[in-house]
Amino acid sequence: MNAPADAKRRAQELRDTLSGHDYRYYVLDAPEIPDAEYDRIMRELVELEKQYPDLVTPDSPTQRVGGLPVQAFAEVHHSVPMLSLANAFDDQELTDFDRRVRERLDTDGEVEYAGEPKLDGLAISLRYEGGVLICGATRGDGTTGEDVTHNIRTIQSIPLRLPGTGFPKVLEVRGEIFMSRAGFEAMNEAARKRGEKTFVNPRNAAAGSLRQVDPKLAARRPLEFIAYGVGEVQGASSPDRHSETLGQLKQWGLRVSPEAKVVKGVDGSREYYEKIAAKREQLPYEIDGVVLKVDQVAQQRILGTVSKAPRWAIAFKFPAQEEMTVLENVEFRVGRTGALTPVARLKPVFVGGVTVSNATLHNMDEIERKDVRIGDSVIVRRAGDVIPEVVSVVLSKRPKRARRIKLPKRCPVCSSDVVRIENEAVARCVGGLFCPAQLKQSILHFASRRAMHIDGLGEKLVSQLVEADLVHTPADLFALDTETLAGLERMAEQSARNLVEAIEKSKQTTLARFVYALGIREVGEATAGNLAVFFGDIEALMDADEEVLQSVPDVGPIVATNIRSFFTEPHNRAVVEKLLEAGVVWPKQNAAVSAGTRLSGKMFVLTGALAAYTRDEAADRIRARGGRVSSSVSKKTDYLVAGESAGSKLAKAEKLGIEILDETAFKHLLAR
Ligand code: IVH
19 MNAPADAKRR AQELRDTLSG HDYRYYVLDA PEIPDAEYDR IMRELVELEK QYPDLVTPDS
79 PTQRVGGLPV QAFAEVHHSV PMLSLANAFD DQELTDFDRR VRERLDTDGE VEYAGEPKLD
139 GLAISLRYEG GVLICGATRG DGTTGEDVTH NIRTIQSIPL RLPGTGFPKV LEVRGEIFMS
199 RAGFEAMNEA ARKRGEKTFV NPRNAAAGSL RQVDPKLAAR RPLEFIAYGV GEVQGASSPD
259 RHSETLGQLK QWGLRVSPEA KVVKGVDGSR EYYEKIAAKR EQLPYEIDGV VLKVDQVAQQ
319 RILGTVSKAP RWAIAFKFPA QEEMTVLENV EFRVGRTGAL TPVARLKPVF VGGVTVSNAT
379 LHNMDEIERK DVRIGDSVIV RRAGDVIPEV VSVVLSKRPK RARRIKLPKR CPVCSSDVVR
439 IENEAVARCV GGLFCPAQLK QSILHFASRR AMHIDGLGEK LVSQLVEADL VHTPADLFAL
499 DTETLAGLER MAEQSARNLV EAIEKSKQTT LARFVYALGI REVGEATAGN LAVFFGDIEA
559 LMDADEEVLQ SVPDVGPIVA TNIRSFFTEP HNRAVVEKLL EAGVVWPKQN AAVSAGTRLS
619 GKMFVLTGAL AAYTRDEAAD RIRARGGRVS SSVSKKTDYL VAGESAGSKL AKAEKLGIEI
679 LDETAFKHLL AR
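Residues in the sequence shown are numbered from 19 upward in steps of one, following our numbering.
The structure is reproduced here in structure tokens:
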């Protein structure tokens, strides 16, 4: 049957689209659409050509495996073609594959499959002669690839000379070049710092690196290699099973996947898929499915190859982690510290195994860098349990009415001003606890398990408390009683009682938890712990200046400033007071080091001018820690605190051999 005109037109359209994407992908190294979208277009064309075979043209993208050789590289002929794999996207397609295999082999028994992770990188063929690496080539179109030996040589996991034993005279190793997640992050981070372009994902980064013309540049890219098969082999008998080939490769000194395993039948294959899927996030590199290969070579021969893919193998793919959808709107969410996060409202899309309708856009810098606009078709990524994010824009699909995203001038929750400090990516609402969004998040943080641990105080309840005007600061939680709580919607008497009990119980805490619960910017659990050990009580921490704060492990200038600003704010000091009044307590540190008695019995003399305190303030601090202050130096003096232009007292103390503290040493002593 001849194809009707509309089918002809559609086929041409699909071919043009695919060619355009091929060019972007293989030549420019700048793919625009996610693989899943490409696969769908390809499938539509395959279906159309199947229905109307007269539509098949020699240059149709369905007729080749993909990949134009880049001009800059010499061509390499693969004497044994580099095949591609057919895909299975669900259980049914896996079952169908297994059924076809058994039918062709004419067996009812379970077929043994060699399972391997499907590495998400690019295929490479390495030619060793006499154990020496002489050529590394990409797959190209399967028969002709590009010579990338110069870059291959820079990859540590590829031996330049086979270190193993018993290798054949000629050996072509087939495997995958890829970039570890950590290597990819580090490389992009460095590129970002230099203001250079970043890569979308590790696979594009690997492909881009391999096509570097300058091997010095490729050498700086953290590329790795894992072998999964062989091409031409001369001077060795070929084993009976694929799994044995992998064993040989290992013996000859090549890296093979430690996850490879022989399994039985469709059930074993499915189990293997589940097992690897569960391990996926722990693997240091990205995989996009598992490959199942009929293990017996004799069976592989019977099955043979069709249109450049073997009938004896299949890629059982994980659900795509990247999909394309439309950005319908952008809203700004206000976090605990007032930071405004742009959130993309998306046309719902199934990605990474779930339906996603919101994704983070991180911050305004990212929006500008990616040039995202409302109405755009965007690529959304959801990997594992990571929050879905908008990775890039499909510019060719931008509608005329696409709107730029603007940072609001006022907080969408409380209408306070929004400020963006220069050189900082984040914009913040200045409302503080006046802003209901910040208040809710602060309360949630305060009550969280690792902070004050108030059981049962979740998001819904916190919203209700804030909206009912019952809670304006974390301290207000301690004034809540059963009747008030029971008056809230959907709150039973017993739940109210339980909550009051939980709040009461949380009063017995530790200083570290308390400090963490305050939610000072950039003071996480570890820093809170260090501060608690260093200061021993909350008063000393509240009074510490930035210099002293910086002597606490892990506290740098920024965190010190954050802590100082927090406690300079009278409102925050009042909240701390109220919490203490409400009965929040923690076990005092070992009496000998606790602040109240640390300087007990020590006699101080103050002289000269201190920059940070008046003489009276300094004396108060000494007394608060159990020390005494005298106005004259004698043998009984333990410390002389010498400020600017200290005079005769300093001379006398020196003569008596009394320990002399300058202002910094004095502050350290107070804070210790
Ligand atoms: S075997 C005989 N094994 O997937 C089939 N390929 O879609 C030749 N890939 O070009 C490939 N991990 O780049 C095979 N364990 C694995 C693989 C794997 C990743 C890639 C390879 C190939 C593509 C086919």
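We put the CB at the ideal spot given by N, CA and C, even for glycine. All of these numbers come straight from a predicted model, not from anything done at the bench.
In terms of DSSP beta bridges, what is residue i paired with?
{"i": "Tyr70", "result": "None, per the DSSP bridge assignment."}
{"i": "Asn9", "result": "Since the first and last residues shown for the chain are 19 and 690, residue 9 lies out of range."}
{"i": "Thr373", "result": "Phe368"}
{"i": "Gly247", "result": "Arg192"}
{"i": "Met197", "result": "Leu241"}
{"i": "Val647", "result": "Phe622"}
{"i": "Ser143", "result": "Ala155 and Arg192"}
{"i": "Glu164", "result": "Glu93"}
{"i": "Glu304", "result": "None, per the DSSP bridge assignment."}
{"i": "Gln252", "result": "Val188"}
{"i": "Leu310", "result": "Gly133 and Ile332"}
{"i": "Val659", "result": "Leu624 and Leu679"}
{"i": "Arg9", "result": "This structure does not reach residue 9, given that the chain is present from 19 up to 690, and the question cannot be answered."}
Among residues of its own chain, excluding the 5 on either side of residue i, which ones have a beta-carbon nearer than 8 angstroms to its beta-carbon?
{"i": "Ile521", "result": "Ile472, Leu475, Leu495, Phe496 and Leu498"}
{"i": "Arg61", "result": "none"}
{"i": "Pro406", "result": "Val369, Gly370, Val374, Asn376, Ala377, Thr378, Val398, Arg399 and Arg400"}
{"i": "Gly17", "result": "Nothing can be reported for residue 17, as the shown portion of the chain is limited to 19 through 690."}
{"i": "Asp165", "result": "Phe91, Ala92, Glu93, Val94, Cys153, Gly154 and Ala155"}
{"i": "Lys427", "result": "Asp435 and Val436"}
Given residue i, which residues of its chain have a CB within under 6 angstroms of its CB, disregarding the five upstream and five downstream residues?
{"i": "Ser13", "result": "Lying outside 19 to 690, the shown extent of the chain, residue 13 is not represented and no answer is given."}
{"i": "Phe107", "result": "Lys335"}
{"i": "Glu128", "result": "Lys282 and Gly283"}
{"i": "Pro328", "result": "Leu101"}
{"i": "Ala562", "result": "Ala689"}
{"i": "Tyr43", "result": "Pro49"}
{"i": "Ala443", "result": "Asn381 and Asp383"}
{"i": "Glu299", "result": "Gly402"}
{"i": "Val566", "result": "Lys685 and Ala689"}
{"i": "Ala333", "result": "Leu103, Asn105, Lys136, Gly307 and Val309"}
{"i": "Arg29", "result": "Checking the sequence, you will find Ala at residue 29 rather than Arg. Closer than 6 angstroms at Cβ, skipping near neighbours: Leu66 and Leu73."}
{"i": "Tyr534", "result": "Ala469, Glu543 and Ala546"}
{"i": "Val315", "result": "Asp258"}
Take residue i and list the residues in its own chain whose beta-carbon comes closer than 7 angstroms to its own, dropping the five residues that flank it on each side.
{"i": "Trp604", "result": "Thr527, Thr528, Leu529 and Phe532"}
{"i": "Glu250", "result": "Ser97, Val98, Val188 and Glu190"}
{"i": "Arg591", "result": "Met560 and Phe585"}
{"i": "Gly148", "result": "Lys187"}
{"i": "Pro571", "result": "Asn548"}
{"i": "Met621", "result": "Arg646, Ser648, Lys654, Thr655 and Asp656"}
Could you give the first and the last residue of the continuous alpha helix (DSSP H) run that contains residue i?
{"i": "Ile576", "result": "Pro575 to Thr586"}
{"i": "His168", "result": "Thr167 to Ile170"}
{"i": "Tyr290", "result": "Gly283 to Lys297"}
{"i": "Val551", "result": "Glu543 to Phe553"}
{"i": "Pro220", "result": "Pro220 to Leu228"}
{"i": "Leu123", "result": "Asp109 to Leu123"}
{"i": "Val566", "result": "Glu564 to Leu567"}
{"i": "Lys26", "result": "Ala23 to Asp40"}
{"i": "Thr80", "result": "It is not in any alpha helix (DSSP H) - Thr80 carries neither H nor E in the DSSP assignment."}
{"i": "Arg690", "result": "No alpha helix (DSSP H) holds Arg690; DSSP gives it neither H nor E."}
For the beta strand (DSSP E) containing residue i, list its first residue and its last residue.
{"i": "Ser666", "result": "Ser666 -> not in any beta strand (DSSP E); alpha helix (DSSP H) instead, spanning Ser666 to Leu674."}
{"i": "Val94", "result": "Glu93 to His95"}
{"i": "Asn105", "result": "Ala104 to Ala106"}
{"i": "Ile678", "result": "Glu677 to Leu679"}
{"i": "Gly133", "result": "Glu130 to Leu137"}
- Counting pairs of beta carbons, one from the stretch 222-236 and one from the stretch 386-403, are three or more of them closer than 8 angstroms? no
- Query: Any contact of the stretch 115-124 with the stretch 174-187, i.e. 3+ C-beta pairs under 8 angstroms?
  - Reply: no
- Can you list, in chain order, the stretches of the alpha helix (DSSP H) that have 4 or more residues and sit fully within the stretch 446-533? 454-465, 477-485, 500-504 and 511-524
- Starting from the N-terminal side, write out each stretch of the alpha helix (DSSP H) that is 4 residues or longer and does not extend beyond the stretch 315-373. 315-321
- List in chain order: all unbroken beta strand (DSSP E) runs of 3+ residues lying wholly within the stretch 382-446. 395-399 and 407-411
- Message: Three Cβ pairs or more, each shorter than 8 angstroms: is that satisfied between the stretch 33-44 and the stretch 72-80?
- Response: yes
- Quick check: the stretch 451-470 against the stretch 351-364, are there 3 or more CB pairs under 8 angstroms? yes
- Message: Three or more C-beta pairs under 8 angstroms: does that hold for the stretch 178-195 against the stretch 266-277?
- Response: yes
- Message: Any contact between the stretch 243-260 and the stretch 194-212? By contact I mean 3 or more CB pairs, one from each, below 8 angstroms.
- Response: yes
- Query: Any chance the stretch 497-513 sits against the stretch 426-442, with 3 or more Cβ pairs inside 8 angstroms?
  - Reply: no
- Query: Any contact of the stretch 277-297 with the stretch 137-148, i.e. 3+ C-beta pairs under 8 angstroms?
  - Reply: no
- Message: Pairs of beta-carbons, one from the stretch 666-675 and one from the stretch 595-603, closer than 8 angstroms: are there three or more?
- Response: no
- Kindly confirm or deny that the stretch 411-426 and the stretch 386-398 touch, where touching means at least three C-beta pairs closer than 8 angstroms. yes
- Should the stretch 539-558 be called in touch with the stretch 510-517, which here means at least 3 C-beta pairs below 8 angstroms? no
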